[in-house]
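Numbering (mature numbering (1 follows the signal peptide of the UniProt record, and there is no 0)), first residue to last: -28 to -1, 1 to 304.
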């Protein structure tokens, strides 16, 4: 008899063969509540807006689940490497994707030959956790002060001014293209590898304009290191109350873009695991301290059921597809 058998013999005798086998099966069942850590995969580099949101929220999720939740950055290819990692993971609740739109609804549209996955079929939406608006920002030496003045300047010099984003076919790139299309602008896209890199180049005057998350730029805006022309949300953003919404400018009055950050898990994950993750994360988002911390970092909580989140992603994909087709954005 092995040492393990010796340790388990009292339990076997107390429960009988049938209940003993069931107890082992339940104890070994993976998912939230099990002893193994959960890995929250972040598709972008440490220090970026997605990473900031994940590291703010995941410790509280860990406390509610009474289980370790470890944030891991898996960087590359506009977030698609991390997305494919989670798609291939065991659907046991131990691997989460802390995602944004870029790898879910943008990359497969701009690179269909390269990224042959459909995240809406191969992943299960759990809940969105936070929203962040984007901001149209300019270098500090740009000789205009309002969005209307900026639009006139760009139109007077077609193809002369440029704008930076965190790469071709990312959510930031598509949002910038939406602004260009709605306002009828001709500008040159300058892709970088990350949002922080774009911000550094903009503050140094190496590029003219950029579309970046509020959470990333609000400190630079407050310190006057970059000029903020407007946020992409329909209304002004709490973290930058003095910055107008771009929709306040007539040419952009229908613009309304907020970036979601959310949790997804591999397809075929047990619905009970999805439901528990959604329930505990929703409880975290309702805590006043969480709301305060999100606001300080440039976010606001988002609360939807898994079904509502899935519907939101499907609607977003349709909007993204129209913009991408009109801008002829292709990476393949």
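Ideal Cβ positions, reconstructed from N, Cα and C, are used throughout, including at glycine. These numbers come from a predicted model, not from an experiment.
Next on the checklist: Does the region 241 to 261 come into contact with the region 103 to 119, if we say contact requires no fewer than three beta-carbon pairs (one atom in each stretch) closer than 8 Å?
Outcome noted: Contact between the region 241 to 261 and the region 103 to 119 is not established, with fewer than three Cβ pairs separated by less than 8 Å.
Item to check | Start-end ranges of the beta strand (DSSP E) lying completely within the region 123 to 200, minimum 3 residues | outcome: Runs of the beta strand (DSSP E) inside the region 123 to 200: 134 to 137, 160 to 163, 181 to 185.
Checklist entry - Hey, residue 203 and residue 215 are a contact pair by Cβ (cut 8 Å); roughly how many whole angstroms apart? => result Residue 203 to residue 215, Cβ: 6 Å. Contact.
Item to check | Residues bridged to residue 97 [DSSP beta-bridge criterion] | outcome: According to DSSP, residue 97 bridges with 236.
Checklist entry - If we count Cβ pairs, one from each stretch, closer than 8 Å, do we get three or more for the region 83 to 103 versus the region 166 to 179? => result Output reads no: the region 166 to 179 does not touch the region 83 to 103.
Next on the checklist: If the criterion is Cβ atoms closer than 8 Å, does the pair residue 306 and residue 72 meet it?
Outcome noted: In the structure displayed, the chain extends from -28 to 304; residue 306 sits before or after that span and is not available.
Checklist entry - Under three-state DSSP, which class holds residue 80? => result DSSP places residue 80 in helix when its eight states are reduced to three.
Item to check | Selected residue, minimal CA-CA separation from residue 281, among 101, 36, 75 | outcome: The option with the nearest alpha carbon to residue 281 is 101.
Checklist entry - Based on the DSSP output, what are the partners of residue 44 in its beta bridges? => result According to DSSP, which records beta bridges pairwise, residue 44 is partnered with 13.
Checklist entry - Does DSSP put residue 67 in a helix, a strand or coil? => result Three-state result, residue 67: strand.
Next on the checklist: Does residue -2 come out as helix, strand or coil in the three-state DSSP assignment?
Outcome noted: The predicted position of residue -2 is uncertain, since its pLDDT is 36 and thus under 50; no value can be drawn from it.
Checklist entry - With 16 other CB atoms within 10 Å as the buried threshold, where does residue 149 fall? => result By the neighbour-count definition (other C-beta atoms within 10 Å, threshold 16), residue 149 is a buried residue.
Checklist entry - Going by beta carbon distance, what residues of the same chain come within less than 7 Å of residue 136, once the five residues before and after it are set aside? => result Excluding sequence neighbours, residue 136 sits near 162, 164, 170, 173, 174, 179, 182.
Item to check | residue 1 versus residue 76: straight-line alpha-carbon distance, rounded | outcome: Model confidence at residue 1 stands at a pLDDT of 43, short of 50, so the residue's coordinates are unreliable; what they give is reported in the following sentence. Their Cα atoms are separated by approximately 29 Å.
Item to check | alpha helix (DSSP H) segment containing residue 257, residue limits | outcome: Its alpha helix (DSSP H) spans residues 243 to 257.
Next on the checklist: Tell me the DSSP secondary structure of residue 7 in three-state form.
Outcome noted: Correct three-state label for residue 7: coil.
Item to check | Simplified DSSP state of residue 61, which is helix, strand or coil | outcome: Looking at residue 61 - three-state DSSP - the assignment turns out to be coil, as it is neither helix nor strand.
Item to check | Beta-carbon proximity check, residue 196 vs residue 50, cutoff 8 Å | outcome: No, the Cβ-Cβ distance between residue 196 and residue 50 is not below 8 Å.
Item to check | Own chain, CB closer than 6 Å to residue 87, minus 5 neighbours either side, in chain order | outcome: Beyond the five residues adjoining it in sequence on each side, residue 87 comes within less than 6 Å, by CB distance, of 52, 79, 80 in the same chain, given in chain order.
Next on the checklist: At the level of alpha carbons, what is the spacing between residue 84 and residue 297?
Outcome noted: Their backbone Cα atoms lie some 13 Å apart in a straight line.
Item to check | Rounded distance between the beta-carbons of residue 126 and residue 301, thought under 8 Å | outcome: That belief does not hold up - the Cβ atoms of residue 301 and residue 126 are roughly 19 Å apart, past 8 Å.
Next on the checklist: Closer than 8 Å is the cut-off here; do at least three beta carbon pairs connect the region 236 to 254 with the region 28 to 45?
Outcome noted: Flag = yes, the region 236 to 254 and the region 28 to 45 touch.
Item to check | Coil, strand or helix - residue 302 by DSSP | outcome: If DSSP states are grouped into helix, strand and coil, residue 302 belongs with coil.
Item to check | Identity of the residue in 166, 159, 107, 63 nearest residue 240 by Cα | outcome: From the listed residues 166, 159, 107, 63, the smallest Cα separation to residue 240 is found for 63.
Checklist entry - Thinking just about the alpha-carbon of each residue, which of 144, 103, 152, 142 is nearest to the one in residue 122? => result Nearest C-alpha to residue 122: 152.
Checklist entry - Considering only C-alpha positions, which residue in the set 286, 237, 290, 209 is nearest to residue 56? => result When 286, 237, 290, 209 are compared, the shortest CA-CA separation from residue 56 is found for 237.
Checklist entry - Nearest to residue 29 by alpha carbon, out of 304, 254, 291, 65? => result If we check each option's Cα against that of residue 29, 254 comes out closest.
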